[in-house]
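Residues in the sequence shown are numbered consecutively from 227, following the working numbering.
Following: one structure in C-alpha cells, then a few remarks.
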Amino acid sequence: MSVKIFECKRCGFCCQGESTVSLTPPEQESIAMFLGLNLSEFFERYTVKKGSRVEMKTINGHCIFFDEKEKICRIHPVKPSHCRRWPLHPSILKDRESFEIIKRTCPGFSPSATWEEVVDFIRYMGDTC
Ligand code: SF4
Ligand code: SF4
C-alpha cells in the first residue's frame, strides 16, 4: 500500500458533541477500575443515563474524558470499543454513504482513499460486522 489510507491526526473532532457513545457493563467496570473508583462513584461523576443506555457525560461540548489542552483521551488504554474502532467503523462495510459521511468529518483519511480501499483495509485489520 503506497499511500496510507488512514492515520489519526489527533484533531479531537470525534470526541466533540453533546452526546457520547454508550458503555457496555464490562466497559463501565474497566473505566471505573482504571480511574480507581467504585462503580457508583464512576456513574455519579462521569456518566449520564439515557433510557437503558449509560453514556459518558459531556463538558464544554466534548466527552468528559477529552483533554482539551493535550487533545488526547484521558482513558485511552480502556476507552470504549466504539471509540477504539473509530473511524474504521463496521457500518462502512455495508454502506458507501456511511464512509463518505465519516470521511468528511475525519481528517485522518487520506483524501484519495476510496470506499473500496477502506473496506479492504477494515477487512485486512480483521474488523468485521
Ligand atoms: S476525527 Fe479522525 S483524525 Fe481526528 S482524532 Fe478522530 S479519528 Fe483522529
Ligand atoms: S472516551 Fe476518549 S476517545 Fe472516546 S469520546 Fe471520550 S475522549 Fe474521545
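Backbone N, C-alpha and C define an ideal beta-carbon position, used for all residues, glycine too.
Should residue 283 be listed as close to ligand 2, given that the test is whether its C-beta is under 6 Å from any heavy atom?
For the purposes of this step, residue 283 is taken as residue 57 along the sequence shown, with counting starting at 1. For residue 283, the distance from the CB to the nearest heavy atom of ligand 2 is not below 6 Å.
Would you mind stating whether residue 232 and residue 335 have Cβ atoms separated by less than 7 Å? Your numbering for residue 232 matches position 6 in the sequence shown. Your numbering for residue 335 matches position 109 in the sequence shown. In this structure, residue 232 sits near residue 335, with a CB-CB distance shorter than 7 Å.
Problem - 8 Å CB neighbourhood of residue 349 in its chain, flanking five on each side removed - result: One-based indexing of the sequence shown puts residue 349 at position 123. Counting only Cβ-Cβ distances below 8 Å, and skipping sequence neighbours, we find 319.
Checklist entry - Around ligand 2, what residues have a beta-carbon under 5 Å from a heavy atom of it, in chain order? => result Any heavy atom of ligand 2 within less than 5 Å of a residue's beta carbon puts that residue on the list, which reads 241, 289, 291, 292, 299, 305, 309.
Rounding to the nearest angstrom, what Cα-Cα distance links residue 299 and residue 346 in this structure? Counting from 1 along the sequence shown, the entry for residue 299 is found at position 73. Counting from 1 along the sequence shown, the entry for residue 346 is found at position 120. The alpha-carbon atoms of residue 299 and residue 346 are separated by roughly 28 Å.
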